[in-house]
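See structure below.
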Amino acid sequence: MGYFVSVEPGVNLYVEDINPKGSKTIVFLHGWPLSSKQFEYQFNVLPAMGYRVIGIDWRGFGKSDKPFHGYNFDRLADDIRAVIGALQLDNVTLAGHSTGGAIAIRYMTRHNGYGVSKLVLIDAAAPTGFTKETAEHFLTVAQNDRPKMMREVMDTFFFQYISGPFADWFMQTGLEAAGWSTSAIIVTLRDERLDADLPKIGVPTLIVHGIHDKVIPFAQAQEMNRQIRNSQLVPFHYSGHGSYWEERDKFNHLLTQFIG
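Residue numbers (this note's numbering): 31 to 290.
Right, dumping it as C-alpha cells:
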C-alpha cells in the first residue's frame, strides 16, 4: 500500500509499503533521478518470500512533494530518519542505489544508524559522485533539455540490452522528478564527499557493484570496501550501473542471503 509521511511542515514523502506484516523489513532508497519504482523487480519478488519491503521516494522525486530546497545529503538523510521514526521501524536492512546509497551512508553517520541493523550499497555514489565536468554537462542539459539529459543518463546506465518499452518506462520514471530537484542533486553529487563517513559505519555492509559501471566506477566500490569495517564487496560481472535489474535474480538471492 502507498501513503505519505510528513518529514517537515509542508513536505510529505511518498512511501510504498508492501507486505507490512512481513517478518523482516528492507527499506529501499532509489537513485537519481528515478523513484522507488526502479525496484519493481525486487518488489515483485521479496514480499512473496516473507519480507516487508518499503520504498521511499525522496523529496523532489517520484510521487513525493517537490519543495525548492533541501537537496543536500544531510537534509535527505533527515527525511529518511523522519520516515523510519514515523513508521516505528527497527532492525531494518537499508538498501540504497547510487545517490540513494550516498544518502544511506550519510544516514548511518548522521543518525547513528537509527533502526538499521544491516546496510546494502548498490552501485553507490560514494565516496564521490560526479566529477565537475560531468556535473556541469548534466546541469546544462538538464536546464535546457531535460528529456535529452535522461536519454544520456540511460545510455550510460545499463551494460545489458534493454528493450524499447523498458527504455520508455525508464525515461518517464526520471521525468516524474521536478526540474529543480534534478538539478540540485547534480550539484550535491558534485560538491559533497563521503570519505569521512565511511569509517564510521559499524553495521554489516554488503557492497554490490557492476564492474562495467560507467556512472560510478568499480574502483569506488573497492574504496568503500577498504574504508567500511565489516563490509563485503560482490562484483557483478554482467552489470553496469543497474545491477539490481541487470542481474536481478543474483541480486535478489544475494540480498536474502545477506539478510537471513
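From the three backbone atoms N, C-alpha and C, an ideal C-beta is built for every residue, glycine too.
Could you check if residue i is buried or exposed, using at least 16 other CB atoms within 10 Å of its CB as the buried criterion?
{"i": "Lys162", "result": "exposed"}
{"i": "Lys148", "result": "buried"}
{"i": "Arg259", "result": "exposed"}
{"i": "Met138", "result": "buried"}
{"i": "Asp175", "result": "exposed"}
Does any residue of chain B have a CB that is nearer than 8 Å to the CB of residue i?
{"i": "Asp227", "result": "No chain B is part of this structure, which consists of one protein chain only."}
Quick test of your reading: residue i and residue j, contact by CB under 8 Å. State the CB separation rounded to the nearest angstrom.
{"i": "Ile86", "j": "Val113", "result": "6 Å"}
{"i": "Phe58", "j": "Ser65", "result": "Their Cβ separation, rounded to whole angstroms, is 11 Å, which puts Phe58 and Ser65 out of contact at 8 Å."}
In terms of DSSP beta bridges, what is residue i paired with?
{"i": "Phe261", "result": "One point to set straight first is that residue 261 is Ser, not Phe, in the sequence displayed. BP columns for Ser261 point to Thr235."}
{"i": "Ser269", "result": "BP columns for Ser269 are empty, so no partner."}
{"i": "Val37", "result": "Answer is none; Val37 lacks a bridge partner."}
{"i": "Ile289", "result": "Per DSSP, none; premise fails for Ile289."}
Looking only at its own chain, which residues have a Cβ that is under 6 Å from the Cβ of residue i, when we skip the five neighbours before and after it?
{"i": "Asp225", "result": "Pro157"}
{"i": "Val75", "result": "Asn282"}
{"i": "Ser94", "result": "Leu43, Tyr44 and Asp87"}
{"i": "His242", "result": "Phe189 and Gly270"}
{"i": "Phe248", "result": "His239 and Ile241"}
{"i": "Trp62", "result": "Thr129 and Ile215"}
What residues in its chain sit with their C-beta under 8 Å from that of residue i, if we drop five residues either side in the sequence?
{"i": "Gln6", "result": "No answer is possible for residue 6: the residues shown for the chain start at 31 and end at 290."}
{"i": "Ile133", "result": "Leu59, Trp88, Phe103, Leu106, Ala107, Ile110 and Gly126"}
Counting only the same chain and skipping the five closest in sequence on each side, list residues whose C-beta sits under 7 Å from that of residue i.
{"i": "Thr235", "result": "Leu149, Leu151, Ile258, Asn260 and Ser261"}
{"i": "Met31", "result": "Asp47"}
Subject >> 3-residue-minimum beta strand (DSSP E) runs that sit fully inside the stretch 40-82, ordered along the chain >> reply: If we require 3 residues or more, the beta strand (DSSP E) runs fully inside the stretch 40-82 come out as 41-48 and 54-59.
Subject >> 3-residue-minimum beta strand (DSSP E) runs that sit fully inside the stretch 206-249, ordered along the chain >> reply: If one requires a minimum length of 3 residues, the beta strand (DSSP E) runs lying completely within the stretch 206-249 are 235-240, in chain order.
**OP:** Run through the stretch 165-212 for me and flag every whole alpha helix (DSSP H) of 4 or more residues, listed as ranges in chain order.
**Re:** Complete alpha helix (DSSP H) runs here, min 4: 176-187 and 194-205.
**OP:** Jot down the residue ranges of each uninterrupted alpha helix (DSSP H) in the stretch 90-158, minimum 4 residues, whole runs only, in chain order.
**Re:** Runs of alpha helix (DSSP H) with 4 or more residues, each lying fully within the stretch 90-158, are found at 103-116 and 129-140, listed in chain order.
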